[in-house]
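S.K.: So the sequences go chain by chain: U and G. For the first sequence, the working numbering assigns the number 546 to the initial residue and increments by one for each residue that follows. For the second sequence, the working numbering assigns the number 230 to the initial residue and increments by one for each residue that follows. Take a look at the following structure, please.
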Amino acid sequence: MTGPRDLNAQIESLVNRLRRRQVVGSWCVSIETAMLLRQVVSATRWNQVETLIKVVKEDVGRRLVMAQPRELAVGNIVCRVLRLIREKIRTFSFYGGSGTGTNTQSSMINLLGDGSPMGAKRASPLIISELQEMINELENTYVNIIDQAMEHIHSNEIIMTVGKSRTVEMFLKTAAKKRKFSVLVAETFPTYLGHEMALSLSEAGIDTTVISDSAIFAVMSRVNKVIMGTHAVLANGGLISVSGAQMVATAAKHHSKPVVVCTGLYKLSPLYPYDEDSFNDLVAPDPVFSFNEGDLIDKVTLLNPYYDYVSPELVSLFITNTGGHPPSYLYRLINENYDPDDTDI
Amino acid sequence: MDPVKKTAKELKAERRALQERQRAEKAARAAGNAAVPAKKPASGSGASTTVGSTSATSTTATPLSETAGSTKTTDSKQRHSLTKEINSKQVDMFSHLEITKGANTGLAPKEIHPAILVLGLQFSEFKICGANARCIAALTAFQKVIQDYKTPEGMGNAIRHLKWEISTIDIEMSDDEAKKLLCEKIDNFIRDSITVADRVIVEYGLQKIQDGDVILTYARSSVVQQLLLEAHTKGIKFKVIIIDSRPRLEGKKLLNCLVNAGINCTYAFLHAVGFAMRDVSKVFLGAHAFMSNGALYSRVGTAMVAMMAKEKNIPVIICCETYKFTDKVQLDSFVMNEQGNPNDIVNISTTLAPKPGLLSEWLNKPDLKLLNLLYDLTPSKYITTVITEVGMIPCTSVPVILREYKPMVQ
Chain U
546 MTGPRDLNAQ IESLVNRLRR RQVVGSWCVS IETAMLLRQV VSATRWNQVE TLIKVVKEDV
606 GRRLVMAQPR ELAVGNIVCR VLRLIREKIR TFSFYGGSGT GTNTQSSMIN LLGDGSPMGA
666 KRASPLIISE LQEMINELEN TYVNIIDQAM EHIHSNEIIM TVGKSRTVEM FLKTAAKKRK
726 FSVLVAETFP TYLGHEMALS LSEAGIDTTV ISDSAIFAVM SRVNKVIMGT HAVLANGGLI
786 SVSGAQMVAT AAKHHSKPVV VCTGLYKLSP LYPYDEDSFN DLVAPDPVFS FNEGDLIDKV
846 TLLNPYYDYV SPELVSLFIT NTGGHPPSYL YRLINENYDP DDTDI
Chain G
230 MDPVKKTAKE LKAERRALQE RQRAEKAARA AGNAAVPAKK PASGSGASTT VGSTSATSTT
290 ATPLSETAGS TKTTDSKQRH SLTKEINSKQ VDMFSHLEIT KGANTGLAPK EIHPAILVLG
350 LQFSEFKICG ANARCIAALT AFQKVIQDYK TPEGMGNAIR HLKWEISTID IEMSDDEAKK
410 LLCEKIDNFI RDSITVADRV IVEYGLQKIQ DGDVILTYAR SSVVQQLLLE AHTKGIKFKV
470 IIIDSRPRLE GKKLLNCLVN AGINCTYAFL HAVGFAMRDV SKVFLGAHAF MSNGALYSRV
530 GTAMVAMMAK EKNIPVIICC ETYKFTDKVQ LDSFVMNEQG NPNDIVNIST TLAPKPGLLS
590 EWLNKPDLKL LNLLYDLTPS KYITTVITEV GMIPCTSVPV ILREYKPMVQ
């Protein structure tokens, strides 16, 4: 572990906070991870880029990912940082190196391996400034998304949403400043996030109605569009979203209503869902069937999945901080932001 | 409940009042007013074939809901202001359906037979759930009314009119005989259209359950419950997944019943239906009514389950008696539905003890509304087959059955 003691302490602190779920929510987690990695990059002494990559990926990155394995945003940020590092080195070697112009990994390493401390010294601030740009982008995620609100919401529309997403909340509140529309919120039992969302929206003056999950299909014919947030976006365009989202998206598809997902790019993960269940968690069934209902508990299996996998065919549009994209475009974003070597963190 | 003895004069007034209401009811219906609270579309359509007491049902129902709004006592004053508040929070899409305000028997007119009052109370508090149970309870209550009925003197015409409403009975017949006949007719109806029909449906349904099946069902249908219990008794090895939903939580009763019989059960809520659906081989659902365009009118959430099953190409089998078939056609869940008490959504506990959640102050928030729908419509394309007592039919054959068998059902 190359780094001063307080860097160690900082890393330990974040790992512990992640493990104890004191940092929750993809956005907070992403920003904290990014800031920590910036510290790591600036504090680490490296001569060959390989060293830096090893530090970021294995020493720090892997520990962070293990602390909260279901929070895919951690892995996403680590991957992005690695990609940034490699990109910077590549362009640096291209312009400042021997001028052969080859972009291969080996030539880059060789170049820096020779004139080492010089190369590292010059590349380091560039990398750090890139990281700072990335952190700024993360902090402005919401602003960039809600700027697009006016284009997508019109007057007298009925919009359906599921669960509680900070992004969608801000999106709708921004649109409500100039447009008059109503929102149907599905209550998403057993987390009742829908109740919180409805309270918050109604306080902003939006005409909100809370419906139980069972009525989603019944009212879908009157809904104009479905806007929802998500926990993570996978490489094929599929969503890991709050439980109940699959129902809403399928019902919307059957009624041919567009499903719009508001998410920052930091939630886009290079992982592919070979198995739907690998990203899901079955949490305590107490809200479904509590202990004080007797000894029926022993004889019955209770299911309470926390997440839902929504397949990419059900999603019409992703509204991200870089604009609106269809699910079919996501592979380009993944190519630009992540390296294929890093998906095994 | 003991039948209250009435004097001849009171009975006279009672019959006159009933007559007036029926006439007004008929006039309203003739004027094309379809806004009568359709509390029991299933039992209404079934009962009209033999007993024909739909008019009696709706007329006794309207006084209950009307008088709930009157202000005779302080308690009802409170209730009145509360219902006013709830009414002002009507969801626009469903403004054509009034929210059931709950019965207040203290204000019901004295002419109503207590058995009907009890029935109304039980219905409004959902103590009796499910189309079959409600139908049987209503018919049994009518039997009581008929048994306690005493013909007042000198009202031959009115009586003739009343009897015509119920069925075509010979006027020369004595009261006792007529009563017996009517009660018998009601008994026969219950036996033929519900009890025996259920047994026949179970027989047909057993052919559809094999060893190793994983059966998914939603909320609680009495027929499906009987079918599963019978299949278990026959020794077929299968598993059941029960999907339940708020706020009614009817699936819990089914769970209790099946687990006590020893069936291997899994219990989940509607949000988990995508997750639970992957192992399922068949879906069995119950019905409240079946429309003539092949659409299923059932507990809210049924459409969702049927749609998810169809997505995964799992067969959806509906168990439905023919008395639930109706001439009506319906395209969506808006045209005819029922709104329950919105405060049921506020209570977030899943046990009997209510636990108010975040929305307990919803009445004070001007922009917040709650919608508690009770029924929804499942389009015919999601339904694979319907098991009735006349056989297994595709859902598009419902109008055919109505045409062929309606004379027999009467």
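In this text, a Cβ means the ideal position worked out from N, Cα and C, and glycines have one as well.
1. Using the Cα positions of LYS598 of chain G and VAL320 of chain G, report the straight-line distance between them to the nearest angstrom.
2. Using the Cβ count rule (16 or more neighbours within 10 Å means buried), how would you classify GLU567 of chain G?
3. Does the CB of TYR819 of chain U have a neighbour CB from chain G at under 9 Å?
4. Can at least three beta-carbon pairs, one atom from the segment 855-867 of chain U and one from the segment 676-691 of chain U, be found at a separation below 8 Å?
5. I need the straight-line Cα distance from MET663 of chain U to PRO857 of chain U, nearest angstrom please.
6. Determine, using beta carbons only, whether CYS624 of chain G comes closer than 9 Å to chain U.
7. How many whole angstroms separate the CB atoms of VAL623 of chain U and VAL601 of chain U, which I take to be in contact at a CB cut-off of 8 Å?
8. For SER835 of chain U, count the other beta carbons within 10 Å of its own beta carbon; 16 or more makes it buried, fewer makes it exposed. Which is it?
9. Consider the Cβ of ASP442 of chain G: report whether some Cβ of chain A lies at a distance smaller than 9 Å.
10. Does chain G have any CB closer than 9 Å to the CB of SER501 of chain U?
11. At least one CB of chain U closer than 9 Å to the CB of HIS517 of chain G: is that the case?
12. With a threshold of 9 Å between beta-carbons, can ALA532 of chain G be considered close to chain U, or not?
13. Could you confirm whether any beta carbon from chain U is found closer than 9 Å to the beta carbon of PRO628 of chain G?
14. Comparing C-alpha positions only, which one of U:GLU821, U:ALA694, U:PRO815, U:VAL768 sits nearest to LYS802 of chain U?
15. Please state whether DSSP places SER700 of chain U in a helix, a strand or coil.
16. Taking just the CA atoms, how far does GLY620 of chain G sit from THR424 of chain G?
17. From the DSSP output, in three-state form, read off LEU581 of chain U for me.
18. Can you list, in chain order, the residues of its chain whose CB lies under 6 Å from that of PHE564 of chain U, leaving out five sequence neighbours each side?
19. Applying the 10 Å Cβ sphere with the 16-neighbour rule, what's the burial state of VAL629 of chain G?
20. In chain order, what residues of the same chain have a beta carbon less than 6 Å from the beta carbon of GLU702 of chain U, not counting five sequence neighbours either side?
21. Quick one: is ARG877 of chain U buried, meaning 16 or more other Cβ sit within 10 Å of its Cβ, or exposed?
22. List the endpoints of the continuous beta strand (DSSP E) containing GLY868 of chain U.
23. Taking the DSSP output, what are the residues bridged to ASN542 of chain G?
24. Leaving aside the five residues before and after PRO850 of chain U along the sequence, list all residues of the same chain whose C-beta is less than 6 Å from its C-beta, in chain order.
25. Give the residues of chain U in contact with VAL488 of chain G, contact being defined as C-beta atoms less than 7 Å apart.
26. For the beta strand (DSSP E) containing VAL893 of chain U, name the first residue and the last one.
27. Please classify LEU499 of chain G as buried or exposed, where buried requires at least 16 other C-beta atoms within 10 Å of its C-beta.
28. State whether the segment 797-813 of chain U contacts the segment 618-636 of chain U, with contact taken as three or more CB pairs (one from each stretch) at a distance under 8 Å.
29. On the criterion of 16 or more Cβ atoms from any shown chain inside 10 Å, does HIS325 of chain G qualify as buried, or is it exposed?
30. By DSSP, does ASP884 of chain U sit in helix, in strand, or in coil?
31. Are there three or more Cβ pairs, one per stretch, closer than 8 Å when the segment 749-757 of chain U is compared with the segment 514-528 of chain G?
32. From this set, G:ASP442, G:ASP573, G:SER626, G:ASN522, which residue's C-alpha is nearest LYS557 of chain G's C-alpha?
33. Run the CB neighbour count on PRO571 of chain G, radius 10 Å, all protein chains shown included, and call it buried at 16 or more, exposed below.
34. State buried or exposed for VAL585 of chain U, treating a residue as buried only when at least 16 other CB atoms are found within 10 Å of its CB.
35. For GLY675 of chain U versus LYS633 of chain U, is the C-beta spacing smaller than 9 Å?
36. Would a C-beta distance cut-off of 9 Å place VAL452 of chain G and ILE472 of chain G closer than the cut-off?
M.R.: With the given structure in hand:
1. 7 Å
2. Counting Cβ neighbours within 10 Å, GLU567 of chain G comes out buried, since at least 16 surround it.
3. For TYR819 of chain U, the answer is no, since every Cβ of chain G falls outside 9 Å of its Cβ.
4. yes
5. Note that MET663 of chain U scores a pLDDT of 47, beneath 50, so its modelled location is shaky and nothing firm can be said.
6. No, CYS624 of chain G lies away from the interface with chain U (no Cβ there is under 9 Å from its Cβ).
7. Rounded, the Cβ-Cβ distance is 7 Å, consistent with contact.
8. exposed
9. You won't find chain A in this structure, because its protein chains are U and G.
10. Residue 501 of chain U falls outside the range modelled here, since chain U spans only 546 to 890, and no answer is possible.
11. no
12. yes
13. no
14. U:VAL768
15. SER700 of chain U: coil per DSSP, three-state reduction.
16. 16 Å
17. helix
18. Inspection of the sequence shows that residue 564 of chain U is occupied by Arg rather than by Phe. So the qualifying residues of the chain are ALA612.
19. exposed
20. PHE726, ASN769
21. exposed
22. 868-870
23. Bridge partners of ASN542 of chain G: none, in fact.
24. SER788, ASN825, LEU827
25. LEU841, LYS844, VAL845
26. There is no way to answer for residue 893 of chain U, as the model of chain U reaches only from 546 to 890.
27. buried
28. yes
29. Flag for HIS325 of chain G reads exposed.
30. coil
31. no
32. Cα-wise, what sits closest to LYS557 of chain G is G:ASN522.
33. buried
34. buried
35. The displayed chain sequence assigns Glu, not Gly, to residue 675 of chain U. It is a contact, given that the beta carbons lie within the stated cut-off.
36. Not closer than 9 Å, so no.
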